[in-house]
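Engineer: Numbering (this note's numbering), first residue to last: 24 to 283.
We treat Cβ as the ideally placed atom computed from N, Cα and C, and that holds for glycine.
My questions will all concern the structure given below.
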């Protein structure tokens, strides 16, 4: 049987864990009983503050921040090795890295932006998954949760390139789930739409085309626009023993904007 630890015995690594969904997820894991957490992100100042936030709520937890550029494969490999060594294992990996993006019609999107969006959005979760997977296989199991978006599922004007990047993450998660199931490793994706109270939401709602696009989307969220805590609750479920039979899924959290 695959190795599935209860949360008090688990070690969790969260990339992009210093703000928004990533930070909410770190707090939710700590609330669920996880006592070994590594936060990986670029910004050292925000990383230290995020670590302090978790420790304020759970002083007995072991929380480490490891500065990491998730687009840099060498840094990713080094950071994963450090997290594995410091936490004495990795049971759950959450890839919550994001890059600044504003929707734009394809014919108005510069080629450099096309390449940049694909690279910055799709590659980081792939780098992290490839680095962690051998460690999980060796220990006999684990859970990986990749955060994409509903742009992978719903054709939306202005999101041609982002949709391609998000669809790449979703299919990467599904195929990896099939490849890794014999080793007891589960891989799932979470696909939100608009998430309130995040830097990304602030960016896309600032002005212009993207503001109109996402204000219209928000008006369709009759159950309420999703918040970071909503995603964190699902991620904690997917990471733990309650979801031990669940893999290869891409689950939307969008307040009813669509039935993606």
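(1) Give the single residue among 273, 157, 96 and 83 whose Cα lies nearest to the Cα of residue 31.
(2) Distance check for residue 97 and residue 246, CA to CA, integer angstroms please.
(3) Under DSSP, the beta strand (DSSP E) around residue 167 begins and ends at which residues?
(4) Please list, in chain order, all residues of the same chain as residue 129 whose beta carbon is under 8 Å from its beta carbon, the five residues on each side excluded.
(5) Taking the alpha-carbon positions, what's the residue 267 to residue 151 distance?
(6) Do the segment 204-212 and the segment 258-275 meet, that is, are 3 or more Cβ pairs less than 8 Å apart?
(7) Quick one: complete alpha helix (DSSP H) runs, 4+ long, within the segment 171-258?
(8) Would you call residue 125 buried or exposed, if buried means 16 or more other Cβ atoms sit within 10 Å of its Cβ?
(9) Can you have a look at residue 251 and say buried or exposed, based on whether 16 or more other CB atoms are within 10 angstroms of its CB?
(10) Assign residue 38 to one of three DSSP states: helix, strand, or coil.
(11) So who's on the other strand from residue 275, going by DSSP bridges?
(12) Along the chain, where does the alpha helix (DSSP H) containing residue 100 start, and where does it finish?
Structural biologist: The answer reads as follows:
(1) Position 8 of the chain shown, counting from 1, holds the residue named residue 31. If we check each option's Cα against that of residue 31, 83 comes out closest.
(2) The count along the chain shown starts at 1 and reaches residue 246 at position 223. The count along the chain shown starts at 1 and reaches residue 97 at position 74. Their Cα atoms are separated by approximately 42 Å.
(3) Residue numbering aside, residue 167 sits at position 144 when the chain shown is read from its first letter. 165-170 is the extent of the beta strand (DSSP E) around residue 167.
(4) Position 106 of the chain shown, counting from 1, holds the residue named residue 129. Taken in chain order, the residues that qualify are 183 and 184.
(5) Here residue 267 refers to the residue found at position 244 of the chain shown. Here residue 151 refers to the residue found at position 128 of the chain shown. Computed Cα separation, rounded: 21 Å.
(6) With the cut-off at 8 Å, the segment 204-212 and the segment 258-275 touch.
(7) 183-203, 222-227 and 231-242
(8) By one-based count along the chain shown, residue 125 stands at place 102. Residue 125 comes out buried.
(9) Locating residue 251 in the chain shown gives position 228, where the first residue counts as 1. Buried.
(10) The count along the chain shown starts at 1 and reaches residue 38 at position 15. Strand.
(11) As a working note, residue 275 is residue 252 in the chain shown. DSSP, once it has assigned bridges, lists 214 as partnering residue 275.
(12) Reading the chain shown from its first residue, position 77 is the one you call residue 100. It spans 96-110 - the alpha helix (DSSP H) in which residue 100 sits, taken as one unbroken run.
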